[in-house]
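Student: Residue numbers for the sequence shown follow the working numbering, so the first one is 1 and each next one is one higher. First, the structure itself, so that you have it in front of you.
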Amino acid sequence: MVARFFDMASGVLTDENSYIWLALGGATLGKPGSTADLQATNFLKLYQYLWPFTVLPVSGGRGSSSLADWNANKRLTLPDARGRTIIGFGQGSGLTNRDLGQLVGAETHTLTLAQMPVHSHQPSVGSFFVSPGSGGAFTVSTQSGAMHNTTLNTNSQGQGQAHNNMQPSIVMSWFISTGEKG
């Protein structure tokens, strides 16, 4: 497809054959006179096509039909692909089932204790290093024979901040055709 005209502000693209395409940026769709972000009589076909997908909100809730909602000036929200990669729906061997329109994942994530690898912070008992105010470190040995109960503490590490969780990606625009010429 070759874009003949693209309006960045509205996300409306007209291709070389004059067909209208809409960017998947979370805008609302409706007929003229509605309060939708994108209003045109030639959006009806797309409105009717998308209306059955219940993951796409309709302002005021779905009525008895797509045409009834269109005539009632209800807005239908287009999918928002900004900042997201697109994955296939369905389920395959060893894969998690994904529904159409489902949103998953996050750009950043803070690990919980359950997500950290099993590890320990055990200090060594028997000999340890002591750093005096000046000079080098020296070894202090414990004596064998007597039992000692000593509380040993280790220092906490980390700051609890979220880490980048984004896969290598390329930024592109995703569009859906209205099926109509402009």
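Just so you know, even glycine gets a beta-carbon here, dropped at the ideal spot from N, CA and C.
Does GLY30 pass the burial test, meaning 16 or more other C-beta atoms within 10 Å, or should it be called exposed?
Tutor: Buried is the call here.
Student: Is the region 61-74 close to the region 15-22, with three or more CB pairs under 8 Å?
Tutor: No: fewer than three Cβ pairs fall under 8 Å.
Student: Can you tell me which of ALA106, GLY88, TRP174, GLY160 puts its alpha carbon nearest to the alpha carbon of ARG98?
Tutor: If we check each option's Cα against that of ARG98, GLY88 comes out closest.
Student: Measure the CB-CB distance between GLY158 and ASP80 and report whether it falls below 8 Å.
Tutor: No, the Cβ-Cβ distance between GLY158 and ASP80 is not below 8 Å.
Student: Excluding five sequence neighbours on each side, which residues of the same chain lie with their C-beta closer than 7 Å to the C-beta of GLY11?
Tutor: So the qualifying residues of the chain are LEU22, ALA23, GLY25, ALA27.
Student: Report back the beta-carbon spacing between GLY33 and ASN71 to the nearest angstrom; my notes put them in contact at under 8 Å.
Tutor: That belief does not hold up - the Cβ atoms of GLY33 and ASN71 are roughly 10 Å apart, past 8 Å.
Student: How many Å lie between ALA106 and PRO168 at the Cα?
Tutor: Roughly 14 Å between the two C-alpha positions.
Student: Going by CA-CA distance only, name the one from THR110, VAL118, ILE170, MET172 that's closest to GLN161.
Tutor: Answer by Cα proximity: THR110.
Student: How many angstroms separate the CA atom of LEU46 from the CA atom of THR54?
Tutor: Going by the C-alpha atoms only, they are around 15 Å apart.
Student: Among the residues of its own chain, which have a CB less than 7 Å from the CB of ASP37, if the five just before and after it don't count?
Tutor: So the qualifying residues of the chain are ALA27, THR28.
Student: Across which residues does DSSP place ALA3 in a beta bridge pair?
Tutor: Partner(s): ASP15.
Student: Under the three-state reduction of DSSP, which class applies to ASP37: helix, strand or coil?
Tutor: Note: ASP37 maps to coil in three-state DSSP.
Student: Please name the residue in ALA40, MET172, THR35 whose C-alpha comes closest to that of THR85.
Tutor: It is MET172 whose Cα lies nearest to the Cα of THR85.
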